[in-house]
Structures are given as structure tokens and as C-alpha cells.
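Chains as they are written, first to last, in the numbering used here: chain A, -13 to 455; chain B, -13 to 455; chain C, -13 to 455.
What follows is one structure encoded as C-alpha cells, with my remarks underneath.
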Amino acid sequence: MAESTNMRLRLPLLCIILEVILIILFGALVEYNDDTHAKLWNANKSHSATRDDYENEFYYRYPSFQDVHVMIFVGFGFLMTFLQRYGFSSVGFNFLIAAFSLQWATLMQGFFHGMHHGKIHVGVTSMINADFCTGSVLISFGAVLGKTSPVQLLVMAIFEVTLFAVNEFILLSMLGANDAGGSMTIHTFGAYFGLMVTRVLYRPNLDKSKHRNSSVYHSDLFAMIGTIYLWMFWPSFNSAITNYGDPQHRTALNTYYSLAACTLATFAFSALVNPEGKLDMVHIQNAALAGGVAVGTAGEMMLTPFGSMIVGFLAGTISVLGYKYLTPVLESKLKIQDTCGIHNLHGMPGVLGAVVGAVTSALASPGVYGDGLQRVFADAETGKWNPQSRGGFQAISLAVTLGMALFGGLVTGFILKLPIYGAPPDTHCFEDGLYWEVKTFQYHFYTTPSQSPLLGQAYPHACLTLWEV
Amino acid sequence: MAESTNMRLRLPLLCIILEVILIILFGALVEYNDDTHAKLWNANKSHSATRDDYENEFYYRYPSFQDVHVMIFVGFGFLMTFLQRYGFSSVGFNFLIAAFSLQWATLMQGFFHGMHHGKIHVGVTSMINADFCTGSVLISFGAVLGKTSPVQLLVMAIFEVTLFAVNEFILLSMLGANDAGGSMTIHTFGAYFGLMVTRVLYRPNLDKSKHRNSSVYHSDLFAMIGTIYLWMFWPSFNSAITNYGDPQHRTALNTYYSLAACTLATFAFSALVNPEGKLDMVHIQNAALAGGVAVGTAGEMMLTPFGSMIVGFLAGTISVLGYKYLTPVLESKLKIQDTCGIHNLHGMPGVLGAVVGAVTSALASPGVYGDGLQRVFADAETGKWNPQSRGGFQAISLAVTLGMALFGGLVTGFILKLPIYGAPPDTHCFEDGLYWEVKTFQYHFYTTPSQSPLLGQAYPHACLTLWEV
Amino acid sequence: MAESTNMRLRLPLLCIILEVILIILFGALVEYNDDTHAKLWNANKSHSATRDDYENEFYYRYPSFQDVHVMIFVGFGFLMTFLQRYGFSSVGFNFLIAAFSLQWATLMQGFFHGMHHGKIHVGVTSMINADFCTGSVLISFGAVLGKTSPVQLLVMAIFEVTLFAVNEFILLSMLGANDAGGSMTIHTFGAYFGLMVTRVLYRPNLDKSKHRNSSVYHSDLFAMIGTIYLWMFWPSFNSAITNYGDPQHRTALNTYYSLAACTLATFAFSALVNPEGKLDMVHIQNAALAGGVAVGTAGEMMLTPFGSMIVGFLAGTISVLGYKYLTPVLESKLKIQDTCGIHNLHGMPGVLGAVVGAVTSALASPGVYGDGLQRVFADAETGKWNPQSRGGFQAISLAVTLGMALFGGLVTGFILKLPIYGAPPDTHCFEDGLYWEVKTFQYHFYTTPSQSPLLGQAYPHACLTLWEV
């Protein structure tokens, strides 16, 4: 090994330093907001009516928050357990970098668009936003899965969260973009950031670990836990921070239909691209979710169930085709080693979602939205409503996001290339044993045709996992 | 094999045609309802009060919807992963037919009882109802699990969803039945429909696949994920579409107690019917849920916790006894091959629930319900309240449901018998490898007493799953 | 075996007798409360306004209840599946004793602090409280995991639930303690009760089963399902029964930050205490949750995110150090065999939480809380507000809890020592096959260096699990 992968000093030092910095910054900058603060909440509400407490934003956001939280920790965490020998790292490192990122995101997002008299105000909405930003980091994690040390992942999270907050600020505050479900801010940004990082970290000899870069039967079932939770709760994700009332309700409904249509497209094309007509778990686990990504921008608009289903169907289709035909080309031609295929699940569907959002914005009119127009498009409230310009700004937002992601990923990639993080050697990628106590050992042996009466043919090399007793 | 099981053309063609039809019909018929439509919602609410948005039905139904959604996709999906070699299909086909059924159900249920000026109005309540209808299809799936191709399952779903909507219309709209948690409409209907389908599809040589028709250690744990989620969220299921306020609250409470009592009965009888007093995972995974099924009709009534616990205890008892003594008889005498034992989990407890509902209705009185009577029984609102006749109509509803289910299952079964769907041959039932890319192969060998020092006896045939490396 | 472990009569008899007693007591004592009763609810609400139904406590407590419910059944159940051969029992016995305990707790808690004119009133709040009490029993279950029969566990639950209710009554009603998230009532009580039980049940020859008292690769992944669900929903747990409005919102927020900081501490110290810097799944599965335990008392107070993070960081640190250095000493010196290490996850962090709660209470002032003071501290409502005395009463509450738990555990331990419950023999602890039908058998064989080309060294004894086909 070129470099020691021992984490004994590196990981504790980085974790403790980061957490101490976070605690100090929280102490200096973070305050309860009006709905969480004992004094402010009780001063604000009318004293006569005790039922005012029911109007605390907690009751209208927290169920959505918990669904998003499940997606971040169970959804992303288990989706990545599909690798046969990387389950601990998938769910464990997902846990670590998410726990860090949500704290760091609270500060960065608060700094860029939540300061009140020099303080960052926190409550359930900041919790949702921090989880959203964390989602972006976990998307990028999917690209480098199995090829990075936990120290590298934490360093990546530091930079990515920061740039996410900058990009989000440009889009939402400067360009006035709509992106409630984050087709651009979360998915496109996370995907292209991660793809650029993995490009810079390109390993020409990664095939030395290729026998571990695949799933086994049970690991695919664990991954399906992640998939199904992401799929079920995506309506909550896209609607979590829309305005109250019809926008939130409509977003959940649109996402529900988009995902349903996407699932049928996924099964259809997964069977179609296989010579024997067999379904591929990689497609089902991932492409079936693309419908949620692709209505992340337009979901709160009057996209209609009809429109949502068309978008979902397209998203599932391009995602499966991407896994089948594009991913191998990206690896061989562009040297992009994308472990989870995030380009197919978050990249292309994210861009599709941005385009759908721009078009749907450009078609919005008071005739369709009535008084609800200004509750979806903040521009309309100011009276300067111009749907074409809104569509244009949405398109600019996509371009900005792509630029920020690629540039950020490039810089971050080079920082992660420094030989100081204990990255795994090419021969030991996708292997939990490097960073985790694993009580298993492997027993290799050879089978011959005579030993294998069922299949009647020779398997040159089989691997059997045993446990010490 | 008599017939090719290659899905390359069949499955994509069917999925794409179905989804295109769905999209066209949604485009022509489906509209946002008042709570989801930007124009309608904002026109309806009073303009002065911004907090009216808090009264959108989204906030009072969506958490229940998400719990139901988890039951449909994780609950049913993982419950059926108990088979050793059928995990991909269990959770995957569950995913596919649920994603189709919820779209088709939206149209069928909307057509039969949700048309407004020629349009189907959708919102969170239609989402819950569509998931409910989907649940019925998944119950039937349990009977034919392992013996059907995905194409067959989709065709079954087309017919079952349609008939479900007709039966639901007869019960709820014509007979004015109470059935909030669906003891009749969902469980009884789904069970007897599925049992009739599997009867028509009877395979005399199914024992050729019997070595795969059982669980292994880890597959039973995956199945427990499904069980526990179904058990926990059943109070949400039964209460999801009751009236607001006390009925919803009471339904959740009754279901909670019924399930708790059912669980103790299940453990008791599972140990009692085993010669060595050992518990059987099949019972725990299934019978412990029967208490939720059995209060699906009466749960919203003043059943009392006391009554709920008695019903739950009975349901658990008959379910375990059904698994132990009735299922083998159904197979040997009536030629009903019921893979998951849906007759024990949904069939008998569903009928019990219908009977309990009829009796509880017949005993309802203004003295017990006060002004709440008309909020549970729609009849009472019209002033023509007659509890005995209500009980009678509940009993008629059960009879109608049984008739519709058996007739529908019969017709659907014969349609599914056509040799065009790529059904698995008798030798390859309960096997994922037929429809999925599976990267494992099996290695069969013989052990002798000398090789097995622990157990000291011969095992004629053992199977070991290996993975290529 | 000294004693038969056959459950055929013991378990059914106990389950049926207990359930019959529960049903009779529920019939005699339990009534719907004002929010669940058809007559009372509709009489109480104003007749003009239909939207009053939205104010039913169901809508403000039920989402929290469901999150708590998931923690009890999935969280605790799967957390304990880490043992290689004890997955059925972990999730199954967890299911059984939880289903019993929540019924018994409804009666006991109702008897001690919920009687209205001789009746126990039930609704969503009693459901949450019953689940909380159940949590305490499941904590104790963690100490004796693998060494007890289901009959023993049910008997333990009978006594523990009863004493829990007494202790809760003393703390909340007599001492006026704050303990919304149960650092004292749930975690400290459950932990020290369980530790004392396992001390009394000390097995000097437990090392005869030590080859089964460890995890394997997949069982650790199942356990992570439990961990992640506990972690995600802990904000709901701590806030489930606080007052509405800012206290509930703030509690969730504080818990969220405490857990995030705790997770970084856990990863840091897990790597630090390992000579090779490798992470230990035991730490990640357990210590990362200590942050939730440690803000169980102070979470509803104005602890600030800053304070919460410090507490969480400390909790994670002491928990990892406890697993590494204290648990072996407890076993060797004090003869406390604590299977899950509940002392590290619930014991020490619970005591820490109690101390933090006492200190935070003592520092509370109207200047910080404003009119919100009396909504956190009931004392303040009566006008006799004295923060120092409040802090003192909190400290007394901790002492009472420890006393009750140790005394109760001692008595219960001796009752459980009677040789009538079918406890497993020392040679068959941590083994599902004793109480469950398990269709696997084990094949032991010896490997030699030549057979193990990868590792090139002899493993004296390897174990391979096979399934009959």
C-alpha cells in the first residue's frame, strides 16, 4: 500500500476539531427562532387563546421533516448497501457525513440567507433545509463510494456544503428561482459536483477491486430498503418547504404520480435492454426514483397529474438507458468512475427537472393559477410578473448550478487528491475491512464440474464467506 | 419448459401500453380538487386570513397517507420476502403492481364515486383510497406469490382494481355500508379474489419447486421488517379516511389495542400447536396482524378498547389455527395453493371483521354516541336511523363482497391461465433467477455423517449458495 | 440441560391468562377520553364550527406517537438483531413483551395518574405514555438478551411496568419533576433495573455460549436499521408529550443537534480506542444514540443548540469509553453480564441527562423564558417559582429513580431465578433454535492452511450454515 489507511489519529482529530468549531460557532451565532423560543413565541401569540399553540409551524412542517430525515439516513444509507462488502461503510459513513453536514449546513445556509441582527435563527424549516443540503453531499458520496476514506468524505462535505449554500443563495435570493424540491440546487448540483470529484480522483487500476464492486443477493435486498423509503417519501421531500396550503398539497400529489409512472417505465426498459428480458436490480433500485428528481422544480406548479406522469415516464426511461449505455462510456471515455450511477439518477433527471421547471414557469398565467399565482411565484407578488422572464431565470439558474458544481468539484477533487487522507489502495476499494472491525474471513476454493451437479460446468473460482466460531 | 419465460417483449410492451393509456386518461379526465388547485383553493378560502392555509386537508390526511403508503410498499413488499429465493420478485413485483394499481385505481374509483362535472378530482384522500385499492391487489398477490410472471400480475391488477371499485361503489354508495378500514372492501375482497385465482391456476406438480417454497434465516428477518411496519401503522390505515375528530382518533386507538391483544394470542397459539412448544415465524409474521384486519369495519364505532381486545384476541387465534390446520386442507382437498396463507391473515379475519362491524352497528344508539352518531353512521344524519337495518345492510355487504370476489377471481383466473404470459414452469416456481439478473449460483453436494460432526447424522442433500468472484 | 426449555404449556398459559386479565380489567376500568368518545367530543366542541374537529389532540400528538411506536418496535427490535443466531428472538420477543407491556402500562399509568371518577381515560397521550413505559422494559431486555426465556421476559415486564408507573408517579406528580423525554423515568430506570436483574441472574459459565455472543456481517446491518430509526425519531420521542407550541418545537430541535454532535464524538472515539484505528459497529450502533438519552430531561428547556451539542458530544464520548473500558470490568468484577451494553447507552447517558436537567432547571429564569416559563415548569404557574429548589427536586428525582430501579431489579431478579421459566442452559444462550422453529443446520469443519490459500494460515474451527433443500 502506498499510504497507510489507519484512521486512528486522522479521523478522531478531524471529527473532534470539526465538532468543536461547530459548537463554538453555534454558541456565537445560533438562536432559537420565534416559534422555538420560549419568550418570543409566548410574547407573539395572543394571550387569550391557548389554541394559538396549534399554529406553531412545528405542526405543519415537522411530519415532512421526519420523512425527509428518513430519506437522508435510511434512504441514502441503505440504497448504497448494495455492494457486497461495503455495507458498514455505506450506512456508517452516510451517517457520519450526514450528521456533520446538517450542522455545517445550518451555519452556511443561515449565514447566506437566514441572518437576523447578526444571528442565525433555527427551527423546523432550518432543519429541513439542512437535511436538503446534506442530501446533496450524499449524492456526491454515491459517485466516490468505495474509493474514499471517511476523512476524505468529511473534507468533501466541508467544501460541498459551503458551495451548496452559495449556489442556493444565488438561485433563490438573487435569481428568484423556484426550486422547492431541489432539481437544481440538490440533485443537479450534487451529481455534477460528485462526478467532477470522481473524475479528478480517477483510478486507472480500479479493476483490481472489481470483484468487490458488485452486489450479492442479500445486499441487493438491503439496498431495496433504501430505494423504497426514498420512493415513498419523495412526495414529502419535494413539498417540505413549499408554501402552506395548495402548493404543498399539489407538490405531494404531482410527485406521487410522477414516481408511479416512472416505476412502470423503469421496469419496461430494464427488461427491454436485457437480451434475456431479465430485470436488473440496479435499475429498479435507482431509475425508479428518477421521477421524484425530475419534478423537483415544477412539482409545486400547476403541472397537472398528466404532466407529472409524462415527466416521470421520461425520467425513468433516460435513467435506465443511462445505466445501460452511458455509464460504461463515461468510465471508458471520460474516466468518470461513478459507483452508484448518480449521473443517471440525479444528474440527467435533475437537468430534466430544471428544464421542465423553466418551461412550466414560462407557461404560468393568472388564468390558470388565479390568486394562487403569487403563492407559487414570488415575482407575481411584486406585480412584475413576466412568465417568459421567469422561465429565462430558471434556465440561467440551471447554468449557474452546473458551473458551480463542476468548478467546485474540480477544486475539491484536487484537494482530496492529496496523499494525507488514508484513501484505500486500488486493491482494496469497496472493502469494509479497511476501516471497520469485520469478524469474517474469506475462504477461496475451486469447484470442478463433477462437484457441481446442478449446473454441470466448471467455475474457475468461487468465494465463500465464513465466520469464525 | 412448456413456454418461454422471456419477458423482453411482453413486459415492456404491457408496461408501456398501460402507462400510455393511463397518461391519456389522466389528461382527459383528472383534475386537481379544491384543496390542491391553485385557483380554486385561493378562491375558496377567505382572503383576510392567511392561516386558512392550515385548514387544507393535506395537514389532516397526509400523515395517515404516508403511513398507509409505507404499509403498501414496505409492509406488503417485505412481508413476502420470506421465501429464500424470491426476495427480488417479492419486493420488486410488489413495487411494480402497486405503482400501476394506484394509478388505475385513481381512475376507477374516481369514475365510480368521484366524478365532478365529468372530471375526476384528486387530492390526498384519493391518494389514500388508491393505496387502499392497491392493498387489495397485493393481498391477492400473496396467494399466487412465486407462481406467476409479472405480466400475469399486471393483468390480474387490471381486473381486480376494476372490480374492487365496483364492489366499493355498491357497498359504500348503494348500501351505505361502514367500512373505513376495509375489512370487507379490502381484506375480504382481496383474499377471496386471490384464493379463487390461485384455485383456477392450480398446479398439480408444484411440489417440484417445494425446496424453494420455504424461508431461510435471513429471509425471515427481512419479512419481519414488513410485518412490524404493517403492525405499527395499522392504526393509521384503519383511521385514514374516517371522519375528522373523534372517529379518527377512536379508530386508531381501537386498532392499537386489537393488535396488542392479537399479538399475545398469536404467540400463545403458535407455541401451543407445536409439539416442542417452538414458535413458528410464519405465525408471528402473519397472524399477529389479523387484529388489524378484524377491526377494519368496527374500528370507528364505539367498540371500546375492551371490545377491540376481544376481537383482536379471536383474530390472532383463528389465524394461527388456520395456518396450522386449515391451509394444508385447503391445498390437499380444495386445490387452493395459497403461498402466503392470505386466507388466514385476510380471509377469515376479514369476515370476522365484517361480522363484528354488523353487530356493532346493530347495537349503536344515540345514548352511547350522542351527537356523534351521525358522524359515524351517515344514515343517522338523514333521520332514518335504524340500527338493526344498518346491521342488516352490513351483513348484505359482506355477502356481496364475497360474491364479487369469488366471481371476479374465477373470471380473472381463467384469463390468467392463457399460455401467453410467460408463467414459470412447475420446476422453477419461487425462483428469482427466472425474471431477474441474479449473480449467484448454487452448489449442491452431499454430506455424510463423518463430515457433519456436530449433528452426527446424514443429510442427503444440502444446498450452498456461492457467489462468483 | 438442567431444565426443559419447552414452551408448549408455559408460554401459552401465561399469554392467555395475562391477556384475559387485561381484557377483564380494561372492560371494568378503561373508557374513551373526551377526544376519542363520540358523545363527549361532540358535546364539548361548539356546535356551530365544524372545523373544531381539527383541534382534536389526535392531529397534534399522533404523528409523534407513530414515530415513538416505530422506535419501540423497529428501533429496539432490530437494534438487538446484531447477534448472529438470535435475530428471531430479538425482534420477536421484543414484539411480544412490547405488545403486553403497552396494555399493562395503560392500566398501571392510568391507575397512578389518570383516574377520572374511577375510570382510566385513554387517547393518544395514553398511547404515547404506554409506549414510553414499554421502552423502559425493552432497555432492560437488552441487558438479559439471549439469556432468558420469553416467559421470564413477560414476568419481568409485569414487575417493571408496575414499578415504572410508581416511580413515574413519584417523580412527576409528587416531586413535580420535568422529564418529558425520560432521561430518568425511562432510561435511567430501565437501565439500572435491567442491570440489577442481570446481576442476580449471573451465569458464571456463560462463556460456553460465547461463540454465539457476537455479530456476523449481515446481522450488523439488520441492527443498523434499528439504530438509524432510533436516531432519526429521537426528536419525536423527547418532544412527544411536552406542552404544545414552543416547548415541543424546541425539544425536537435540541435533540436533533445533540444527536448530530454525539455521532461525530462516537466515530471519533471509536477509531481512537482501536489500535488499528478501525471503527467498531457496536459503538456506532449504540453510542451514537446516547445524545438522545442525555437531553431527555433538559430538551424542553432553553438549553440552546449550543448546550445541546455539548451534551451530545459528552454523551457519545462516555458511551464509547464505557463500551471499551467499563463493560469488561462490570462483567469481570461486578458480575454484570450486559449483553447490549445498556449501561453505556441508557445508564450513564441517562444519569448525565438527569444532571443536565437539574442544572438547566436551576438556571432557568423569567428573563430567559418570559411568559413561556410556566409552560415548561409547572411550579412557575403557581407563582412559587424557585429555580434552585426546582434543580434540587430534579436531583432528588434521580436518586429516587436509581433507588427504585435497583431495588425493583433485585426483587425481580430473584423472582426470575426460580427454575420454572424454561431459561436457556449456559450452553445454549444466544440461540434462536431453542424457542423457534429454525430450518437451518450448522456444518462444522476444519480448514487447514492449504485449503485457505487467501489467508495462508490455519483456522482451527469454522462454521458454515447450510439449508436443507
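Idealized CB from N, CA, C, for every residue including glycine.
Distance from the CA atom of Gly263(C) to the CA atom of Leu26(A), rounded to whole angstroms, is 46 Å. Looking from the CA of His107(A), the closest CA among Gly132(A), Tyr18(A), Gln138(A) and Trp217(A) belongs to Tyr18(A). Beta-bridge pairing by DSSP links Trp422(B) to Leu265(A). The beta carbons of Asp412(A) and Leu181(A) sit about 20 Å from each other, so the pair does not count as a contact at 8 Å. Rounded to whole angstroms, the gap between the alpha carbons of Cys326(C) and Tyr48(B) is 37 Å.
In terms of CA proximity to Asn199(A), Tyr72(A) leads the group Tyr72(A), Gly231(A) and Ala177(A).
Glu5(A) counts as buried, since no fewer than 16 other beta carbons sit within 10 angstroms of its beta carbon. Contact note: Pro335(A) does not reach chain B at a C-beta cutoff of 8 Å; the least C-beta distance is about 17 Å.
Against Val56(C), the close residues of chain B are Met218, in the order they occur along the chain (beta-carbon pairs closer than 7 Å). At a beta-carbon threshold of 9 Å, none of the residues of chain B lie near Tyr72(C); the nearest stands roughly 11 Å away. Ranked by Cα distance from Gly302(C), the first of Ile401(C), Tyr243(C), Ala284(C) and Ala247(C) is Ala247(C). Residue-level contact by beta carbon holds for Ile214(A) and chain B, with a gap shorter than 8 Å. Closer than 8 Å to the CB of Leu187(C) there is not a single CB belonging to chain A.
Within the same chain, Cβ atoms closer than 8 Å to the Cβ of Val424(C) are found at Phe74 and Asp418, the five residues on either side in sequence being excluded. When the Cα atoms are used, Met218(B) and Asn240(B) turn out to be separated by approximately 13 Å. Distance from Asn164(C) to Thr283(C) at the Cβ level is roughly 6 Å; contact confirmed, criterion being Cβ atoms closer than 8 Å. Between the region 377 to 384 of chain C and the region 341 to 349 of chain C, the count of C-beta pairs closer than 8 Å reaches three or more; the two stretches touch. In summary, the residues of the region 406 to 428 of chain A whose CB is separated from some CB of chain C by less than 9 Å are Gly408, Asp418, Gly419, Leu420, Tyr421, Trp422, Glu423, Val424, Lys425, Thr426, Phe427 and Gln428, in the order they occur in the chain. Taken in chain order, the complete alpha helix (DSSP H) segments of 4 or more residues contained in the region 229 to 260 of chain C are 232 to 258. Residues of chain B whose Cβ lies closer than 7 Å to the Cβ of Ser200(A) are, in chain order, Lys425. For the region 20 to 50 of chain A, the set of residues with a beta-carbon nearer than 9 Å to any beta-carbon of chain B comprises Tyr40, Glu41, Tyr45, Tyr46, Pro49 and Ser50, in chain order.
Taking a 10 Å sphere around the C-beta of Val315(B), we find fewer than 16 other C-beta atoms and assign the residue as exposed.
Shown here for Gly109(A): same chain residues with a beta carbon closer than 6 Å to its own, the five before and five after excluded, namely Asn19, Asp21 and Thr22 in chain order. Between Ser50(C) and Ser222(C) a beta carbon distance of about 5 Å is seen, short of the 8 Å cut, so the two are scored as contacting. Against chain C, the beta carbon of Thr249(B) has neighbours under 7 Å at Phe81, Leu82 and Ala85, listed in chain order.
DSSP places Tyr203(C) inside the alpha helix (DSSP H), whose first and last residues are Tyr203 to Ser225. At the C-beta level, Ala129(C) and Ile401(C) stay beyond 8 Å of one another. Against chain C, the beta carbon of Gln234(B) has neighbours under 8 Å at Asn42 and Phe44, listed in chain order. For the region 280 to 294 of chain B, the beta-carbon criterion of a distance under 7 Å to any beta-carbon of chain C is satisfied by Met288, Pro291 and Phe292. By the criterion of a C-beta distance shorter than 8 Å, Lys31(C) is surrounded in its chain by Asp38, Asp39 and Glu41, once the five residues flanking it on both sides are discounted.
For Glu317(C), the enclosing alpha helix (DSSP H) covers residues Thr313 to Leu320. The beta carbon of Leu349(B) sits no closer than 8 Å to any beta carbon of chain C. Within chain B, the residues whose beta carbon sits less than 8 Å from that of Val354(A) are Ala24 and Lys25, listed in sequence order. Interface flag for Lys194(C) against chain A is unset, since no Cβ pair is found closer than 8 Å. Put simply, of Phe393(B), Cys415(B), Gly408(B) and Pro405(B) the residue whose alpha carbon is nearest the alpha carbon of Val152(B) is Phe393(B). Along the region 94 to 124 of chain A, there is no position whose C-beta sits under 7 Å from a C-beta of chain B.
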